[in-house]
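Novice: Structure provided below as structure tokens; questions to follow.
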Amino acid sequence: MRILLIIFDGLADRPAPELQGKTPLEAAHTPNLDRLAAEGINGLLHPKSPGYPLGSPLALHLMFGYPEGDFPDRGPLLASARRLSIAPGDVVLAARFASVENQPKGRLRLVQRFIRGREEECRRLATTIAKREIDGLTFRYVYAGNGDGNLFISGGASFQITDTDPLGLDLPVLSAQPRSEASESPVAKRSADALNQYLSWAHSQLSTKGTSGDGPPINFLITKWAGPKPHYEPFAERWGMRAASLPDEEVVSGLMLELGFHVEQIEDADPENDLRRRLTRAAELLDDGSEFVHLHSKYPDPMSHDNEPLRVRDAIEALDTGMETYWQLLAPDPDLITVLTTDHTTPSVWAHHPRGQFSDQHSGEEVPLVIRGGNVRVDGVKEFGERAAASGALGHLRGEDFMPVLLNAAERANMWETRPTPTRRLYRPHPNQIEPFRLT
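Taking our numbering, the leading residue of the sequence shown gets 10, the next gets one more, and so forth.
Here it is, written out as structure tokens:
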């Protein structure tokens, strides 16, 4: 059987007073999601462990069965999505233009970390900080648009350095430091020190050149998510399925490309239409021979980050309407396992964060999961929601459980004690993966 994985990014949430103590998912009118829950087996999932807030790429990395220590981090994955070549030994960081202001004792306060609508200005400024050599290391900045880009460090740098972006926390711009677990502490310290020097130089360059657009001055480059060139075992080898992806986020595209997925982009600003188009294309990919299709909708995550639970509820209802296409095109297929979940909880409710004010943070609650199709043990859950899923027959799953459970549901899992191939695999091997016995 084939597998369709539907991810609604940041779908899980927290109870909101304005929704009478329900989460946006629980408060939304979702007949299509509820039908999916009623026809499937339900449970709760956390890609790592409860309490750990994760972002999409690490969550998917873990859900697809790769060790956390092998995660290359977002910097290199963004570069992959942008089709930027990463040489062996390169360190790659995400690097975004920002506006800062001076504070006492030489500190910098982040005034604006998203520069929008000033494209010509950003491209001009990017040329002024494009390359610099410091302490034997070469820094190269590649601008990618929308105020964002990648910073490459070559010449023997360590990726085991910390972020300078406080990422929404009430903190000043941070100093890059060597990580405490760095395998080569002197190299990590040299890399962090050189990065701080580069950022100081870039601040001087940007401040000197000046900005001409509306809004605060573009005068700093904030960095985060340093990592090396990714090295992944292809998903098809690890799980035995030809895979395709319809991602809705740049960094997720990078991950899927590195995993060897066939990747296609679909863009629509309307949650309902966006999902309908993705489901239609997913059906076509399955008909064309894909055995595993990952469909990723970015909604309702942006509304959750804006801390607006009513808008989150409305986005979920739009997605549910879009799910009508699933019942029309995909649900009748008897050879299809459908999985619907989310990659993390994005709260639209925080105790000390005002409604309507942007927050970068996720939280660490488990998320609902449903599997429909085949011979799954349909349970008594009748609605799709965080608390309803807790009583489902799947129980509480971790990332390492996710793909084995899906392979088993799709009747692709092989007896674990058997060894038909030199490398132990959970899936049943294809004929071209075995060595037949031959009489001599």
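Glycine included, C-beta positions come from ideal geometry on N, C-alpha and C.
Is the CB-CB distance between Gly249 and Tyr436 below 7 Å?
Specialist: Closer than 7 Å, so yes.
Novice: Less than 7 Å between the beta carbons of Asn205 and Ser192, yes or no?
Specialist: No.
Novice: Please identify the residue among Leu264, Pro341 and Phe106 whose C-alpha is closest to the C-alpha of Thr152.
Specialist: Before going on, a small fix: residue 152 reads as Tyr here, not Thr. Among Leu264, Pro341 and Phe106, the Cα nearest to that of Tyr152 belongs to Phe106.
Novice: Per DSSP, Thr232 is paired with what?
Specialist: Per DSSP, Ala104.
Novice: Count the C-beta pairs between the segment 161-173 and the segment 229-247 that are closer than 8 Å, then say yes if the count reaches three, no if not.
Specialist: Enough Cβ pairs lie closer than 8 Å, so yes.
Novice: Kindly indicate which three-state DSSP category Gly52 falls into: helix, strand or coil?
Specialist: Three-state result, Gly52: strand.
Novice: Please state whether DSSP places Thr32 in a helix, a strand or coil.
Specialist: DSSP places Thr32 in coil when its eight states are reduced to three.
Novice: List the whole-angstrom C-beta distance separating Asp22 from Ser313, where the pair is believed to meet the contact cut-off of C-beta under 8 Å.
Specialist: Correct: roughly 6 Å between the Cβ atoms.
Novice: In terms of alpha-carbon separation, which member of Thr351, Phe168 and Ser89 lies closest to Gly158?
Specialist: Checked all of Thr351, Phe168 and Ser89; the closest Cα to Gly158 is Ser89.
Novice: I'd like the span of the alpha helix (DSSP H) that includes Asn41, first residue to last.
Specialist: Its alpha helix (DSSP H) spans residues Pro40 to Ala47.
Novice: Kindly identify the DSSP beta-bridge partner or partners of Ala21.
Specialist: Paired residues: Thr354.
Novice: In or out: Ile16 buried (at least 16 other Cβ within 10 Å) or exposed?
Specialist: Label assigned to Ile16: buried.
Novice: Do Arg381 and Thr347 have their C-beta atoms within less than 7 Å of each other?
Specialist: Cβ distance < 7 Å, so Arg381 and Thr347 count as in contact.
Novice: Could you check which residue in Arg199, Leu160 and Arg364 has the C-alpha nearest to that of Ala104?
Specialist: Out of Arg199, Leu160 and Arg364, Leu160 has the C-alpha closest to the C-alpha of Ala104.
Novice: Could you check whether Met72 and Phe411 sit closer than 7 Å to each other, using their CB atoms as the reference points?
Specialist: Yes, they are a contact pair.
Novice: Who does Thr347 pair with in a DSSP beta bridge?
Specialist: Leu13 and Arg381.
Novice: So what does DSSP say about Val196, is it helix, strand or coil?
Specialist: Residue state, collapsed to three classes: helix.
Novice: For the beta strand (DSSP E) containing Val260, name the first residue and the last one.
Specialist: Element bounds for Val260: not the beta strand (DSSP E) but the alpha helix (DSSP H), Glu259 to Glu267.
Novice: Which ranges does the alpha helix (DSSP H) cover as unbroken runs of at least 4 residues, wholly within the segment 360-448, from first to last along the chain?
Specialist: Complete alpha helix (DSSP H) runs here, min 4: 395-398 and 408-418.
Novice: Taking the alpha helix (DSSP H) that Glu273 falls in, what are its first and last residues?
Specialist: Run containing Glu273: none; DSSP gives neither H nor E here.
Novice: List the DSSP bridge partners of Asp157.
Specialist: Answer by DSSP bridge pairing, in chain order: Arg105 and Gly154.
Novice: Identify, in the order they occur along the chain, each residue of the same chain with its Cβ nearer than 6 Å to the Cβ of Ala203, setting aside the five sequence neighbours on each side.
Specialist: Result list for Ala203: Ile143, Asp144 and Leu146, in chain order.
Novice: Taking only runs that begin and end inside the segment 75-100, name each unbroken alpha helix (DSSP H) of 4 or more residues, in chain order.
Specialist: Within the segment 75-100, the complete alpha helix (DSSP H) runs of at least 4 residues are 83-90.
Novice: Using the Cα positions of Ile231 and Val272, report the straight-line distance between them to the nearest angstrom.
Specialist: Approximately 29 Å, taken between the alpha carbons.
Novice: Which whole-angstrom value is the C-beta distance of Pro62 and Pro318, which I expect to be below 8 Å?
Specialist: 18 Å between Cβ atoms; not a contact.
Novice: Does the segment 51-70 come into contact with the segment 419-428, if we say contact requires no fewer than three beta-carbon pairs (one atom in each stretch) closer than 8 Å?
Specialist: No, the segment 51-70 is not in contact with the segment 419-428.
Novice: Whether or not the segment 328-336 and the segment 360-375 are in contact is what I'm after, with contact meaning three or more pairs of Cβ atoms, one per stretch, closer than 8 Å; do they touch?
Specialist: Segments in contact, no.
Novice: Alpha carbon to alpha carbon, what distance is there between Ala166 and Arg199?
Specialist: Their Cα atoms are separated by approximately 8 Å.
Novice: Could you check whether the segment 124-143 touches the segment 262-282, counting it as contact only if at least three pairs of C-beta atoms, one from each stretch, sit closer than 8 Å?
Specialist: Because the criterion of three Cβ pairs below 8 Å is not met, the segment 124-143 and the segment 262-282 do not touch.
Novice: Assign Gly389 to buried or exposed, taking buried as 16 or more other Cβ atoms, counted over all protein chains shown, within 10 Å of its Cβ.
Specialist: Classification for Gly389: exposed.
Novice: On the DSSP letters alone, give me the boundaries of the beta strand (DSSP E) that Gln337 sits inside.
Specialist: Here Gln337 belongs to no beta strand (DSSP E); instead the alpha helix (DSSP H) covers Glu333 to Leu338.
Novice: Quick check on DSSP: helix, strand or coil for Pro26?
Specialist: Here Pro26 sits in helix by DSSP.
Novice: So, at 7 Å on beta carbons, what are the nonlocal neighbours of Ala211 in its own chain, with the 5 sequence-adjacent residues on each side left out?
Specialist: Once the five neighbours on either side are set aside, the close Cβ partners of Ala211 are Ile138 and Leu230.
Novice: Please classify Leu180 as buried or exposed, where buried requires at least 16 neighbouring CB atoms within 10 angstroms.
Specialist: Leu180 is exposed by the Cβ-count criterion.
Novice: Would Leu288 and Thr334 qualify as a contact pair, given that the criterion is a beta-carbon distance under 7 Å?
Specialist: Closer than 7 Å, so yes.
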